[in-house]
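Number of protein chains: 2
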Amino acid sequence: MEKAPFLTVDSVIFSFDESALKLLLVKRAIDPFNDQWSLPGGMVAGAKGNTLEAIARDKLMIKSGVDVDYIEQVFTTGNDQRDPRGWSVSVVYSALIPYQAAHHNADWVADAAWFKVDELASMRLAFDHQDIIQVALERLRQKSLYSIVAGYALPAPFTLSQLQHIHEVILGKPIQAKSFRRRIEQADLLEPAGEIQLDRGRPAALFRMKPAARKYTFVRNLDG
Amino acid sequence: MEKAPFLTVDSVIFSFDESALKLLLVKRAIDPFNDQWSLPGGMVAGAKGNTLEAIARDKLMIKSGVDVDYIEQVFTTGNDQRDPRGWSVSVVYSALIPYQAAHHNADWVADAAWFKVDELASMRLAFDHQDIIQVALERLRQKSLYSIVAGYALPAPFTLSQLQHIHEVILGKPIQAKSFRRRIEQADLLEPAGEIQLDRGRPAALFRMKPAARKYTFVRNLDG
DNA sequence: GAAATAGTGTCTATAAGACAATATGCG
DNA sequence: CGCATATTGTCTTATAGACACTATTTC
Chain W
293 MEKAPFLTVD SVIFSFDESA LKLLLVKRAI DPFNDQWSLP GGMVAGAKGN
343 TLEAIARDKL MIKSGVDVDY IEQVFTTGND QRDPRGWSVS VVYSALIPYQ
393 AAHHNADWVA DAAWFKVDEL ASMRLAFDHQ DIIQVALERL RQKSLYSIVA
443 GYALPAPFTL SQLQHIHEVI LGKPIQAKSF RRRIEQADLL EPAGEIQLDR
493 GRPAALFRMK PAARKYTFVR NLDG
Chain F
293 MEKAPFLTVD SVIFSFDESA LKLLLVKRAI DPFNDQWSLP GGMVAGAKGN
343 TLEAIARDKL MIKSGVDVDY IEQVFTTGND QRDPRGWSVS VVYSALIPYQ
393 AAHHNADWVA DAAWFKVDEL ASMRLAFDHQ DIIQVALERL RQKSLYSIVA
443 GYALPAPFTL SQLQHIHEVI LGKPIQAKSF RRRIEQADLL EPAGEIQLDR
493 GRPAALFRMK PAARKYTFVR NLDG
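Structure representation (structure tokens):
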């Protein structure tokens, strides 16, 4: 490679709605891949922020109207194939946000939309964004086996059933309620936040994430 | 930030020698940080290779005379503080190599040297390389709780005692031999490679890593 | 009371920790 | 034999899975 490669920051933003894991995409308005769906992000050159993460957050705010609480670096992809213009590098972040906090803003921004992760697999996306998403998804699945960060995709406060449900959707398989609750209680990861009466059934206790939950990892995985 | 930031690839190369975890540094010959020890790596612009990892490998070969078997991306750091010249981004890789395979070449390259990880903590290194090393170290420690990739830092074939020993050094605490052997056998991660009689004691069975060991993770951690 | 959802009791299964015991070589 | 190192037997402990059971609400 001769001169400096393009450097971008792209984000895979997950949320949870209607029992489905969804992901925010924006429609490109310039070449290459004009008019195709892509991950929100963009060039680092000219961006606002003192760190890569700050730039990622700023781009999300500007281009998707989304203010993110949980964000995490996933990996960096870079080669001479992923952009038709030549060498290109993308630092990929993954974020989790409550759907309610975001879908209005997403509508508000032109050409941003949420897609179910399942539907998405068959779409043709810009650049190697399809591959990037698969990596981010796999990372999220792994994490859901030994942490409860998925809870950051729920509007707080939430019930344990809701928290379990998002884990089941991410993992694509049922979880034993007893195991799930037991380990969360032992690790003391949630803060009580009252109680709620849903349409039917017994009222459920409400919780919010304790700060410790952001980093906590169980020593033993759920069945993968 | 205005124009494109500097983009570099830097590698934290671990090895194991004299019961110590060591790490390869090179002495810089240009400003900034001229004459200070730094991680092997360098600018992506002008480098040889079709992917970031290929570039990392190539730089290791050229600048440190080291051909790496196990290499893994750790993270990417980027901000406007880490380089006095301005915005700068570094994609960090971590590699594990047998000391014997490397130290001759390292000697052979001017101003490359191995440092014990402990000694290193008090050294002043170029850029934010000290911080980068701490992140890579922490990642290696975590991995050593649920995988045996540390074995890639040993010359094959090796004994189980040697493999256990490097884990103990990395983790900074003893491991139960029984637990260690049990889980490795169950996961079928090693291939028998004969037997060896050391100076004293019972002869030990020799093994090499099976390809599966590269990616395998145990469902349960050793005590952290 | 029946249905629906939340939450618990408790037994089993799995894998790690502790540590004593055995195995195999050398001088 | 006695020392050194390797390897195993086996009991205990910790935590997840299974699944039945209880609890609380609405109709």
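Protein sequences, first through last, are from chains W and F.
According to my numbering, the first sequence holds residues 293 to 516 in order.
According to my numbering, the second sequence holds residues 293 to 516 in order.
Glycine residues also receive a C-beta, built at the ideal position from the N, C-alpha and C atoms.
Endpoints, beta strand (DSSP E) assigned at residue i
i	result
A496(W)	496-501
S386(W)	380-388
S471(F)	Premise fails: S471(F) lies in the alpha helix (DSSP H), 469-479, not in any beta strand (DSSP E).
E411(F)	Run containing E411(F): none in the beta strand (DSSP E); it sits in the alpha helix (DSSP H), 409-412.
A485(F)	482-488
K314(F)	312-319
V304(W)	298-309
Residues that residue i contacts on chain F, provided the C-beta gap is smaller than 8 Å
i	result
G516(W)	V511
Q365(W)	F367, T368
Close Cβ partners of residue i (< 7 Å) along its chain, the five nearest in sequence each way excluded
i	result
L534(F)	No information on residue 534(F) is available, as it lies outside the stretch 293 to 516 that chain F covers here.
I488(F)	T451, P495, A496, L498
S453(F)	A496
S330(W)	L317, V318, R320, L417, A418, F419, H421
S436(W)	A442, H459, I462, L463
R431(W)	V366, S386
N326(F)	R320
Within chain W, the residues that residue i reaches when beta carbons sit closer than 7 Å
i	result
D372(F)	N342
K295(F)	A337
L299(F)	A296, P297, L299, V381
Beta-carbon contacts of residue i that lie in its chain and below 6 Å, excluding the five residues immediately before and after
i	result
S382(W)	T300, D302, T369
Q478(F)	none
V511(W)	none
L455(W)	G443
L485(F)	Here the sequence assigns Ala to residue 485(F), which means Leu is not the residue at that position. Excluding positions up to five away in sequence, the list reads P449, L498, F499, R500.
Q392(W)	P447
K587(W)	It is not possible to answer for residue 587(W), since the shown part of chain W is limited to 293 through 516.
D517(F)	The structure shown has nothing for residue 517(F), since chain F only spans 293 to 516.
N513(W)	L437, Y438
Contact list for residue i against chain F, beta-carbon separation under 7 Å
i	result
K465(W)	Going along chain F, no residue has its Cβ under 7 Å from K465(W), so there is no contact; the nearest lies around 15 Å.
Same chain, Cβ closer than 8 Å to residue i, neighbours up to 5 away in sequence not counted
i	result
P466(W)	E460
E345(F)	I363, Q365, Y385
K502(F)	D480, L481, L482, E483
D403(W)	V318, K319, A321
G338(F)	none
D375(W)	F298, P324, F419
S311(W)	H457, V461
S439(F)	A505, Y508, T509, F510
Residue range of the unbroken alpha helix (DSSP H) whose run includes residue i
i	result
S453(F)	452-463
V427(F)	421-438
Chain F contact residues for residue i, given Cβ-Cβ distances below 9 Å
i	result
V383(W)	T368, G370, V381, V383
> Any contact of the segment 300-307 of chain F with the segment 344-352 of chain F, i.e. 3+ C-beta pairs under 8 Å?
Replying inline: With the rule of 3 Cβ pairs closer than 8 Å, the segment 300-307 of chain F counts as touching the segment 344-352 of chain F.
>> So within the segment 324-377 of chain F, which uninterrupted beta strand (DSSP E) runs reach at least 3 residues, ignoring any that extend past its ends?
In response: Within the segment 324-377 of chain F, the complete beta strand (DSSP E) runs of at least 3 residues are 333-335, 362-371.
>> Could you check whether the segment 412-419 of chain F touches the segment 469-478 of chain F, counting it as contact only if at least three pairs of C-beta atoms, one from each stretch, sit closer than 8 Å?
In response: They do not touch, by the three-pair rule.
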